[in-house]
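Visitor: For the record, the sequence lines run as chains G, W, S and H. For the record, in the first sequence the residue sitting at position 2 is 412 according to my numbering, with numbers rising by one throughout. For the record, in the second sequence the residue sitting at position 189 is 599 according to my numbering, with numbers rising by one throughout. For the record, in the third sequence the residue sitting at position 11 is 421 according to my numbering, with numbers rising by one throughout. For the record, in the fourth sequence the residue sitting at position 33 is 443 according to my numbering, with numbers rising by one throughout. Mind looking over this structure? Questions follow.
4 protein chains.
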Amino acid sequence: MMDKGDSAGRRSTSSTSGAKRPSERPGQPGGRRDTNRRERTKALSDAALALFLERGIEAVTIEDITSKAGVAKGSFYRYFDDKQALVEALFAPVATQVIAAFDESIAKLKAARSRAAAFASYEAIGEALGAVILHHGDVVLLYLQECRAPAEGARAPARLLADVVAEKAIEHTRLAREHGLLRAFPAEVSTLTVIGAAERILFSVLNGDFKGEPLEVPGQLITLIFDGLRAPDLRKPEG
Amino acid sequence: MMDKGDSAGRRSTSSTSGAKRPSERPGQPGGRRDTNRRERTKALSDAALALFLERGIEAVTIEDITSKAGVAKGSFYRYFDDKQALVEALFAPVATQVIAAFDESIAKLKAARSRAAAFASYEAIGEALGAVILHHGDVVLLYLQECRAPAEGARAPARLLADVVAEKAIEHTRLAREHGLLRAFPAEVSTLTVIGAAERILFSVLNGDFKGEPLEVPGQLITLIFDGLRAPDLRKPEG
Amino acid sequence: MMDKGDSAGRRSTSSTSGAKRPSERPGQPGGRRDTNRRERTKALSDAALALFLERGIEAVTIEDITSKAGVAKGSFYRYFDDKQALVEALFAPVATQVIAAFDESIAKLKAARSRAAAFASYEAIGEALGAVILHHGDVVLLYLQECRAPAEGARAPARLLADVVAEKAIEHTRLAREHGLLRAFPAEVSTLTVIGAAERILFSVLNGDFKGEPLEVPGQLITLIFDGLRAPDLRKPEG
Amino acid sequence: MMDKGDSAGRRSTSSTSGAKRPSERPGQPGGRRDTNRRERTKALSDAALALFLERGIEAVTIEDITSKAGVAKGSFYRYFDDKQALVEALFAPVATQVIAAFDESIAKLKAARSRAAAFASYEAIGEALGAVILHHGDVVLLYLQECRAPAEGARAPARLLADVVAEKAIEHTRLAREHGLLRAFPAEVSTLTVIGAAERILFSVLNGDFKGEPLEVPGQLITLIFDGLRAPDLRKPEG
DNA sequence: TATGAATGAGACTTCATTCAT
DNA sequence: AATGAATGAAGTCTCATTCAT
């Protein structure tokens with residue numbers, strides 16, 4: 411009755427959240443109806459997330475989701491337009507926070523007048539991203555799992571986020587270098603190196619494949635990367 | 411949009427290539443029939459590869475492939491059992507060469523009696539992987555695109571290869587460290603760092619997203635990574 | 411034209427009816443939804459039965475059935491798992507009643523202490539089978555039409571029922587003979603004779619091929635079977 | 411490219427044999443080419459017969475047949491027009507002999523001037539049918555298996571033969587009664603009784619289901635049919 | 001609102017038949 | 001003549017989406 415195939419980008423005008431808001435909904439926010447609505451949305455999102463991680467976004471059907479969430483199939487459409495909308499809703503908080511973290515850090519870097527101030531922006535973004543990973547580990551894992559897919563269909567949000575992140579991260583690096591925090595190195599290469607390394611390890615950790623001690627990874631990664639990337643005059647003497 | 415009756419791992423007994431070979435075929439090898447067969451297989455593989463890159467493996471239908479390849483739908487099944495078999499056939503040469511490269515390099519490392527000999531094994535594997543990237547760029551890109559997906563359905567081969575590569579690479583790193591080529595660092599972390607960084611940049615390059623000069627990337631990456639990873643006594647004085 | 415992935419006996423665990431019942435359905439029994447469900451199931455069964463009789467089970471497609479029943483193709487699968495399940499559902503009431511008739515008659519025979527009592531069991535089973543034929547003539551015809559087919563695919567239920575019936579009938583005969591109702595004759599031969607004769611005539615009658623007066627057949631058949639065909643003056647004296 | 415569905419009756423003009431004879435074939439009858447041709451035809455027929463018995467005519471594909479016969483798929487069509495033609499060819503000798511047996515017996519009956527002569531016609535037909543069963547057991551089994559199917563598609567020949575046999579047998583009975591060989595009984599009922607009984611037992615015997623001693627069956631059957639099943643002490647005096 | 005039944009497009013796969021080799 | 005590759009119609013089954021209850 412309706413076409414299955416979605417074309418990428420159709421959602422350029424939709425709100426960030428991807429959640430469906432009936433134009434007129436009864437009950438005031440916080441009331442009984444609103445609470446029910448939140449609960450249903452959460453049940454659907456949770457079920458979907460678990461299934462997406464298990465089988466990949468494409469392979470999961472609407473019925474899989476509703477049945478796992480314990481709702482009727484038709485109810486899905488009261489909460490989300492379709493699978494892509496759900497994926498967008500899933501990614502929304504993460505995307506918002508990650509993008510905000512970069513934007514703020516970029517702003518700080520631009521405003522920084524000292525190397526110390528510039529360095530602080532790194533600490534800030536690290537903290538912000540750490541918090542995201544901590545509170546939205548599953549969504550981050552889903553992102554890592556799907557972010558290289560072509561921006562088509564329900565997986566589009568993952569890829570689009572990845573592209574935005576890369577772009578902002580590169581700008582961030584450029585600014586950091588201008589502040590003398592990094593060696594004179596092409597920003598694109600060094601940024602992708604850091605992103606690639608961090609994401610790969612994070613993937614293993616969130617995955618359960620990682621054999622080492624996760625809590626030590628950030629420090630190790632920083633040592634590893636920064637010993638290579640750090641500007642000469644910041645290099646610590648070995649030993 | 412979804413693959414129907416696939417379960418991961420069902421292909422454990424199939425040959426490496428994934429291609430379908432009638433046990434006895436008429437016409438001698440090199441004859442007309444044989445040539446036709448090769449041409450068809452190639453046409454299907456090429457069409458499939460292009461579509462997979464464009465839309466992702468899951469979103470491409472058999473009919474998309476045959477129609478792009480200019481053959482009848484039913485003909486697909488003379489050459490491949492199903493989409494997963496085609497994907498396996500696509501990955502087979504790359505998987506073979508990559509795995510062989512690691513295995514050989516690992517063997518060399520084990521046999522190495524000097525640091526120079528050990529270092530040579532790195533050059534060898536670099537060359538081998540470079541050759542694979544050069545000759546099978548599209549397949550490598552497909553791998554990068556799909557290799558984090560759960561090992562379900564047609565995309566399974568990508569993920570399975572990724573897991574094997576990670577495992578072998580970690581062993582490789584462990585050996586390299588035993589030969590004093592690398593700093594005393596957890597092998598898992600440093601390996602995933604290198605893989606993650608290299609794959610992320612490669613993805614951008616093969617993708618067309620990369621803005622810099624691709625030919626300079628390997629050198630840059632080595633500098634970047636090795637300046638961080640290199641054992642202290644190999645560290646060159648900055649300047 | 412051919413059934414695809416069926417293997418005989420796959421349904422050993424399914425319920426007797428073969429009908430698909432969602433575990434929890436909305437609407438109380440007897441409500442609108444329940445009524446609709448019954449109507450649909452009936453429409454599909456009726457359409458299928460008519461087509462099966464016309465063309466044979468194997469030659470009828472799901473689409474033939476749904477289109478004749480006036481429902482969408484996909485709806486079929488809400489009511490039956492596949493064609494074989496529908497066939498099972500079609501046969502279920504007949505199979506149940508026939509088997510029950512035999513079991514009861516066998517039980518009566520076992521308990522019978524007089525020849526009169528034993529004879530009554532014959533009357534009982536005759537009546538029961540007559541009722542089945544009267545109320546489920548078309549299903550019985552379908553049974554007669556398909557019951558010699560190998561127990562493969564959608565036709566399996568017919569053959570399996572036939573085998574059960576033969577077995578029970580033979581036991582029945584054996585008991586009847588022990589009560590002195592029948593000549594000392596191998597039970598298998600005499601049973602198959604009666605079944606074969608009865609089924610063949612029934613087939614003609616239900617078919618419309620039969621030229622005679624159907625209502626007289628049962629009596630004629632009994633006379634014939636019990637007294638034989640020999641013309642009076644050729645009758646050998648009993649030894 | 412061509413339609414699959416056959417419509418019943420399309421073969422009304424074809425020759426009895428169903429075998430394909432190229433209008434101009436090289437080699438004289440009995441020569442090398444003719445011998446090869448016979449061998450191939452036999453291989454195909456044998457393979458088909460075995461598969462038909464195992465799975466039913468409808469479920470067997472052309473490729474199943476050729477592959478079991480050890481010939482190429484395309485070769486099938488050099489020997490038979492399609493599956494139905496093969497089935498016709500399979501039944502042809504049996505049909506011919508059975509029909510001839512009835513026709514001859516009917517002719518004899520018509521010419522018979524004594525009851526002894528009339529009785530001899532029964533012996534003749536019994537012998538003829540026995541010979542057919544002996545030499546073409548598998549084909550007879552296939553006939554029994556498929557002869558109640560609607561006369562559609564490849565199974566049509568079985569059903570058509572069944573209808574002819576019934577018709578001729580009824581005429582035969584009518585004549586026999588006129589000669590005083592049988593009781594005054596509706597010919598249709600008594601004929602179908604005999605056919606039904608005989609076929610049912612034969613089916614069990616050829617099938618392998620029969621537990622008794624096959625060689626004794628004909629005699630038992632004759633006794634049974636002619637003398638009836640009634641136990642001696644219940645026998646009503648003939649009125 | 002919630003439910004799950006209905007719809008029909010469309011994906012996968014098979015197979016009779018034709019045809020180049 | 002024999003082979004088996006090619007074709008595409010047709011069949012099975014799934015699933016996103018809509019809609020009556």
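Using N, Cα and C, we set each Cβ at its ideal position, and we do this for glycine too.
Mind checking if residue 621/S is an interface residue toward chain H, Cβ cutoff 7 Å exclusive?
Guide: As a position in the third sequence, residue 621/S is number 211, starting the count at 1. Taking Cβ atoms only, chain H reaches closer than 7 Å to residue 621/S, which makes this a yes.
Visitor: At which residues does the alpha helix (DSSP H) containing residue 515/W begin and terminate?
Guide: Here residue 515/W is taken as the residue at index 105 of the second sequence, counted from 1. Looking at the DSSP string, the run of the alpha helix (DSSP H) that includes residue 515/W is 493-521.
Visitor: Just how far apart, CA to CA, sit residue 451/G and residue 485/G?
Guide: As a position in the first sequence, residue 451/G is number 41, starting the count at 1. As a position in the first sequence, residue 485/G is number 75, starting the count at 1. C-alpha separation (whole angstroms): 10 Å.
Visitor: Going along chain G in order, which residues have a C-beta closer than 9 Å to the C-beta of residue 536/W?
Guide: Translated into positions along the second sequence, residue 536/W becomes position 126. Here the premise fails: no neighbours, minimum Cβ distance about 16 Å.
Visitor: Whose C-alpha, out of 506/W, 619/W and 444/W, is nearest the C-alpha of residue 542/W?
Guide: Here residue 542/W is taken as the residue at index 132 of the second sequence, counted from 1. Checked all of 506/W, 619/W and 444/W; the closest Cα to residue 542/W is 506/W.
Visitor: Mind checking if residue 549/S is an interface residue toward chain H, Cβ cutoff 7 Å exclusive?
Guide: Here residue 549/S refers to the residue found at position 139 of the third sequence. By this cut-off, residue 549/S is not an interface position.
Visitor: Please classify residue 463/W: is it buried, with 16 or more other beta-carbons within 10 angstroms of its beta-carbon, or exposed?
Guide: To locate residue 463/W, count along the second sequence from 1; it is residue 53. Residue 463/W should be labelled buried.
Visitor: Give the DSSP-derived three-state secondary structure of residue 562/G in the structure shown.
Guide: Within the first sequence, residue 562/G is the residue found at index 152, counting from 1. Residue state, collapsed to three classes: coil.
Visitor: Quick one: is residue 545/G buried, meaning 16 or more other Cβ sit within 10 Å of its Cβ, or exposed?
Guide: Residue numbering aside, residue 545/G sits at position 135 when the first sequence is read from its first letter. Per the 10 Å Cβ criterion, exposed.
Visitor: Which residues in chain G sit within 9 Å of residue 494/W, going by Cβ to Cβ distance?
Guide: One-based indexing of the second sequence puts residue 494/W at position 84. None at all; the shortest Cβ gap to chain G is about 13 Å.
Visitor: Please confirm if residue 624/H has its CB atom under 7 Å from at least one CB of chain S.
Guide: Within the fourth sequence, the letter at position 214 stands for residue 624/H. With 7 Å as the cut-off, residue 624/H does not count as an interface residue toward chain S.
Visitor: With a cut-off of 8 Å on the beta carbons, I'd call residue 519/W and residue 531/W a contact; round off their distance for me.
Guide: One-based indexing of the second sequence puts residue 519/W at position 109. One-based indexing of the second sequence puts residue 531/W at position 121. Yes, residue 519/W and residue 531/W are in contact; Cβ-Cβ is about 5 Å, under 8 Å.
Visitor: Can you have a look at residue 567/S and say buried or exposed, based on whether 16 or more other CB atoms are within 10 angstroms of its CB?
Guide: Sequence index remark: in the third sequence, residue 567/S carries index 157 (1-based). So residue 567/S ends up on the buried side.
Visitor: Taking CB distances under 7 Å as the criterion, tell me whether residue 563/G reaches chain W.
Guide: By 1-based counting over the first sequence, the position of residue 563/G is 153. Yes, residue 563/G lies at the interface with chain W (some Cβ there is under 7 Å from its Cβ).
Visitor: Would you mind telling me which residues of chain W sit closer than 7 Å to residue 464/G, beta carbon to beta carbon, in chain order?
Guide: On the first sequence, position 54 is the one that residue 464/G refers to. By Cβ distance, chain W contributes 560.
Visitor: Go ahead and label residue 482/S buried or exposed: buried means 16 or more other beta carbons lie within 10 angstroms of its beta carbon, across all protein chains shown.
Guide: Here residue 482/S is taken as the residue at index 72 of the third sequence, counted from 1. Flag for residue 482/S reads exposed.
Visitor: On a Cα-Cα basis, can you pick out the residue from 638/S, 632/S and 637/S that is closest to residue 703/S?
Guide: The first residue shown for chain S is 411 and the last is 649, placing residue 703/S beyond what the model contains.
Visitor: Any heavy atom of the ligand MN closer than 6 Å to the CB of residue 567/S?
Guide: As far as ligands go, the structure on display features none, and thus does not contain the ligand MN.
Visitor: Could you please tell me which residues of the stretch 473-491 of chain G, in chain order, have their CB closer than 9 Å to any CB of chain W?
Guide: So the list is empty, because no residue satisfies the distance condition.
Visitor: Going along chain S in order, which residues have a C-beta closer than 9 Å to the C-beta of residue 523/H?
Guide: Position 113 of the fourth sequence holds residue 523/H. Chain S residues near residue 523/H: none, gap ~17 Å exceeds 9 Å.
Visitor: Rounded to whole angstroms, what's the CA-CA distance from residue 523/S to residue 630/H? Just pull it up for me.
Guide: Against the third sequence, residue 523/S aligns to sequence position 113. Against the fourth sequence, residue 630/H aligns to sequence position 220. Cα to Cα, the separation comes out at about 29 Å.
Visitor: For the alpha helix (DSSP H) containing residue 613/W, name the first residue and the last one.
Guide: What you label residue 613/W is simply residue 203 of the second sequence in a count that begins at 1. Element bounds for residue 613/W: 597-617.
Visitor: Rounded to the nearest angstrom, how far is the Cβ of residue 591/W from that of residue 488/W, given a contact under 8 Å?
Guide: Locating residue 591/W in the second sequence gives position 181, where the first residue counts as 1. Locating residue 488/W in the second sequence gives position 78, where the first residue counts as 1. Their Cβ separation, rounded to whole angstroms, is 50 Å, which puts residue 591/W and residue 488/W out of contact at 8 Å.
Visitor: Any idea what DSSP makes of residue 473/S, helix, strand or coil?
Guide: Walking along the third sequence from the start, residue 473/S turns up at place 63. Here residue 473/S sits in helix by DSSP.
Visitor: In this structure, does DSSP put residue 467/G in helix, strand or coil?
Guide: Here residue 467/G refers to the residue found at position 57 of the first sequence. Residue state, collapsed to three classes: coil.
Visitor: Suppose contacts are defined by Cβ-Cβ distances below 7 Å. Is residue 613/H in contact with residue 554/H by that definition?
Guide: Along the fourth sequence, read from residue 1 onward, the residue named residue 613/H stands at position 203. Along the fourth sequence, read from residue 1 onward, the residue named residue 554/H stands at position 144. Taking 7 Å as the Cβ cut-off, residue 613/H and residue 554/H qualify as a contacting pair.
Visitor: Distance, Cα to Cα, residue 478/H vs residue 498/H?
Guide: Residue numbering aside, residue 478/H sits at position 68 when the fourth sequence is read from its first letter. Residue numbering aside, residue 498/H sits at position 88 when the fourth sequence is read from its first letter. Cα to Cα, the separation comes out at about 20 Å.
Visitor: In terms of residues, what are the limits of the alpha helix (DSSP H) holding residue 529/S?
Guide: Here residue 529/S corresponds to residue number 119 of the third sequence, with the count starting at 1. Run containing residue 529/S: 525-545, per the alpha helix (DSSP H) assignment.
Visitor: Determine the burial state of residue 637/H: buried for a count of at least 16 other Cβ atoms within 10 Å of its Cβ, exposed for fewer.
Guide: Walking along the fourth sequence from the start, residue 637/H turns up at place 227. Buried.
Visitor: Does the beta carbon of residue 606/H sit closer than 7 Å to a beta carbon anywhere in chain S?
Guide: As a first step, residue 606/H is located in the fourth sequence; it is residue number 196 there, counting from the start. Yes, because at least one Cβ of chain S sits closer than 7 Å to the Cβ of residue 606/H.
Visitor: Helix, strand or coil, according to DSSP, for residue 482/H in the structure here?
Guide: For this step, residue 482/H is matched to residue 72 along the fourth sequence. Looking at residue 482/H - three-state DSSP - the assignment turns out to be coil, as it is neither helix nor strand.
Visitor: Consider the Cβ of residue 419/S: report whether some Cβ of chain H lies at a distance smaller than 7 Å.
Guide: Numbered from its first residue, the third sequence carries residue 419/S at position 9. Model confidence at residue 419/S stands at a pLDDT of 45, short of 50, so the residue's coordinates are unreliable and nothing is read from them.
Visitor: 7 Å is my cut-off, CB to CB: does residue 654/W come that close to chain G?
Guide: Nothing about residue 654/W can be reported from this structure: the residues present for chain W run from 411 to 649 only.
Visitor: What whole-angstrom Cβ distance do residue 597/G and residue 584/G have, given they're in contact under 8 Å?
Guide: Sequence index remark: in the first sequence, residue 597/G carries index 187 (1-based). Sequence index remark: in the first sequence, residue 584/G carries index 174 (1-based). With a Cβ gap of about 4 Å, residue 597/G and residue 584/G count as contacting.
Visitor: Could you tell me the alpha carbon to alpha carbon distance between residue 510/W and residue 533/W, rounded to whole angstroms?
Guide: Residue mapping note: residue 510/W aligns to position 100 of the second sequence, counting from 1. Residue mapping note: residue 533/W aligns to position 123 of the second sequence, counting from 1. So the two alpha carbons sit approximately 15 Å from each other.
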